[in-house]
Amino acid sequence: MPANVEASTNVYFAAGAALLGALCVGLAIGYSGPALETMLEKPGVNNTELRIAKKGDESIVGASIAIGALVGSLVAAPMSQFAGRKRSLVIIGIPFAIGCGIIFIAKSLLFVIIGRIVIGFFTGMICVVAPSYVVEISTPTTRGFLGAGFQVFITIGIFLMALFGIFATVSFNYFFNWRYLALVSAIPAIAMSILMLGMPESPTWLLTKYGRGSVKPEKALTRLRTSKSDIQGELDEMQEQANATKNLTFTVDQLQKPEYWKPLVLGIALMFFQQFSGINIVIFFQTQILRDARGNDNATEEESANYASIGTAISTFAQIVATIGAAFLIDRLGRRKMLLISGGGHAISLFVLGFYFYSKPAAVAVPGNGTALTTAVLEAPKSGLPTFIPVLCLVVYIISFSMGYGPIPWLMIPEMTPAAVRSLVTAICSSVNWICAFITAFTFGPLIDAVGNATGFWLYAVICVLSCVFVLFFLPETKGKTFDEIQREFSGNPTKEPSVTSKTQPPQTPQPTAVPVPVTETKLTPAPKSAAAPKSTTAPKSTLSTKSTASTKSGVSPKASPTTLPKASKENVETKV
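As structure tokens, this is what we get:
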């Protein structure tokens, strides 16, 4: 990457428009907790006509988004490769809003689930297209900050949904219910489609589509860089990556190359550890976790609901602050250090949260009442731990996630992957992410029923410890490196092979009348005019000679003589045959 490459303000505007998609993702992910509170069967409180009485329905509503996202993330790769990053984001917003509308008008739980699957489909597409677009329009110095913005906007979306959830469960006595919560998510989706119409396309994709001879990549890059930037130099470097993407077919042969399979394996591992840290359990069921924790202290239903809603808002606000802080720290501390801090924080907070539940009485259903196992407490608490412990644990957990495993996987996967397969690898990793999200969300309820809250959280804490081992021994650092440098490291060639000229001075264009002289060097380049003579050099025999050594040193080619050859100067040694 040329040294004089500076991002213009258009980079931030374009990234902001694309990251509205991440806001949609956050609203969709955060929807389950507050929406389920207004769906649950609560006579005299819930004024909606749709109620959830069965415990399994909660898991279905929470996990259904992952089903659609899994399919959407796979469709996103060919779509963004064919239509482009910008156009894909323009298209995605409208059907996302339609999915929100399906939930708004739903008359049964089935239509709520259908709406969630539709939203999930386009959520999965956003998670592939938006990070790729942001990374490709950024410079190396802004890539970490803007790449972390994807998780920042997801976090803001979750926080906004938590605030709306407080209005739904506290302020308006369930009048602002799950229907209106769904409708809120449609607003940024429509805004994204409109704003992206005026943004430039990814220069990398334009090079892939139209080639270096087209003016479209240059026009797009000119809008994204300052007037001082070396546009042509950056385009030349982009071309090296973009050449491989034209008429791309992903084959097994490509997987044999380390620069292809290593980013894929590392990306899958990052997504696995992101989800099996338990993040979507916390996000989807945070309100229910806190309600259960407070309920075990013999609190009333209303006290438990208020405690859960306010605790969710506090932890989500902490997530916003931590995610914004992480955006500034990622390019200072590096990706590896941030992930190690993140995994360690996850493990500690989940161990403590598990201990809190272990120290409390197990919830036992009264025989014959047909309720879930969290409705009755038949024994006194085993310890007097403060009731703020669960909220504190979730705050620490959320902050830890926001500092590492939240933003960094979405940044590192397109960062590590060659442009030739960036969309495809990002799509595969995103699909793995949503598969893991579905597994964790769908199995959380049965897991807790089988082993209890304490053991369930401890199991996830062990996985978080393993994530630290993975980062420590297997994940490379990408901070401050260009795409080309990262790919050379994966291929086992961390530095380019320097030429003779590159070891001394930058090459200069030789005079048009210069006479080449055959030499014994294996790699020869034109020498600069002011180069000094080497200590010892022997030229081969030749029928060519120069008139005088002095004239050669002056950079002017003398006339050839058929009889003599002067002592070779450095100009002759470094002259390319």
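Read in full-length UniProt numbering, the sequence shown has 167 at position 167, and its numbers run on one by one without any break.
A virtual CB, placed ideally from N, CA and C, is assigned to each residue, including glycine.
Reduced DSSP secondary structure (H/G/I, E/B, other) of residue i
i, result
"MET225", "According to the sequence shown, residue 225 is Arg rather than Met. DSSP places ARG225 in strand when its eight states are reduced to three."
"ALA419", "helix"
"ALA66", "helix"
Residue i, buried or exposed, once every other Cβ within 10 Å from all chains shown has been counted against 16
i, result
"SER430", "buried"
"GLU477", "exposed"
"ARG85", "buried"
"GLY145", "In the sequence as presented, Gly is not what sits at residue 145; that position holds Phe. Result: buried."
"LYS209", "buried"
"ALA450", "exposed"
"VAL391", "buried"
"GLU574", "Note that GLU574 has pLDDT 41, beneath the 50 cutoff, so the model's placement of it is unreliable and no number is given."
"PRO418", "buried"
"PHE438", "buried"
"PRO78", "exposed"
"GLY26", "buried"
"PRO446", "exposed"
"SER108", "exposed"
"THR9", "exposed"
"GLY72", "buried"
"ILE113", "buried"
"THR139", "buried"
"PRO386", "exposed"
"THR141", "exposed"
"VAL215", "exposed"
"PHE401", "buried"
"VAL134", "buried"
"SER80", "buried"
8 Å contact criterion, which residue i and residue j should meet: CB distance rounded
i, j, result
"SER59", "PHE457", "In fact, because the Cβ distance is near 17 Å, the residues do not count as touching under 8 Å."
"TRP410", "GLN151", "6 Å"
"THR155", "ILE320", "5 Å"
"LEU183", "PHE104", "5 Å"
"CYS100", "ALA186", "4 Å"
"ALA148", "ALA18", "Rounded, the Cβ-Cβ distance is 14 Å, inconsistent with contact."
"GLY115", "ILE102", "4 Å"
"GLY33", "GLY165", "6 Å"
"MET338", "MET416", "Actually they do not touch by this definition, with Cβ atoms about 15 Å apart."
"SER342", "TYR260", "Going by Cβ atoms, the distance from SER342 to TYR260 rounds to 27 Å, so no, they are not a contact pair."
"LEU197", "ILE137", "Not quite, the Cβ-Cβ distance comes to about 16 Å (not below 8 Å), so this is no contact."
"MET161", "GLY30", "3 Å"
"ALA130", "LEU89", "7 Å"
"PHE159", "THR316", "4 Å"
"SER227", "ASN4", "Actually they do not touch by this definition, with Cβ atoms about 11 Å apart."
Close beta carbons around residue i, own chain, < 7 Å, minus the five adjacent residues each side
i, result
"ARG422", "SER132, PRO414"
"CYS436", "MET271, PHE272, GLN275, PHE276"
"ALA441", "SER59, GLY62, ALA63, ALA66, ASN280, ILE281, PHE284"
"GLY368", "Note on GLY368: pLDDT 40, under 50, position unreliable in the model; the coordinate value appears next. There are no such residues."
"LEU221", "PRO203, ILE231, GLU234, LEU235"
"GLY334", "GLU477, LYS479"
"GLY213", "none"
"ALA550", "Because ALA550 carries a pLDDT of 40, less than 50, the predicted location of this residue cannot be relied on, and no value is offered for it."
6 Å CB neighbourhood of residue i in its chain, flanking five on each side removed
i, result
"ALA35", "TRP178, LEU181"
"VAL352", "CYS393"
"PHE490", "PRO258, GLU259, LYS262"
"TYR358", "ALA454"
"ILE389", "TYR356"
"ILE117", "SER64, ILE67, GLY68"
Same chain, Cβ closer than 8 Å to residue i, five either side skipped, listed in chain order
i, result
"PHE13", "MET199"
"ILE324", "VAL152"
"GLU240", "ASP484"
"GLY354", "ASN453, ALA454, THR455, GLY456, PHE457, TRP458, ALA461"
Ranges of the alpha helix (DSSP H) found wholly within the region 65-147, counting only runs of at least 4: Entirely contained in the region 65-147, the alpha helix (DSSP H) runs reaching 4 residues are, in chain order, 85-104, 109-137.
Can you check the region 384-452 for any alpha helix (DSSP H) of at least 4 residues that lies completely inside it and give the ranges in chain order? The qualifying runs are 389-403, 408-416.
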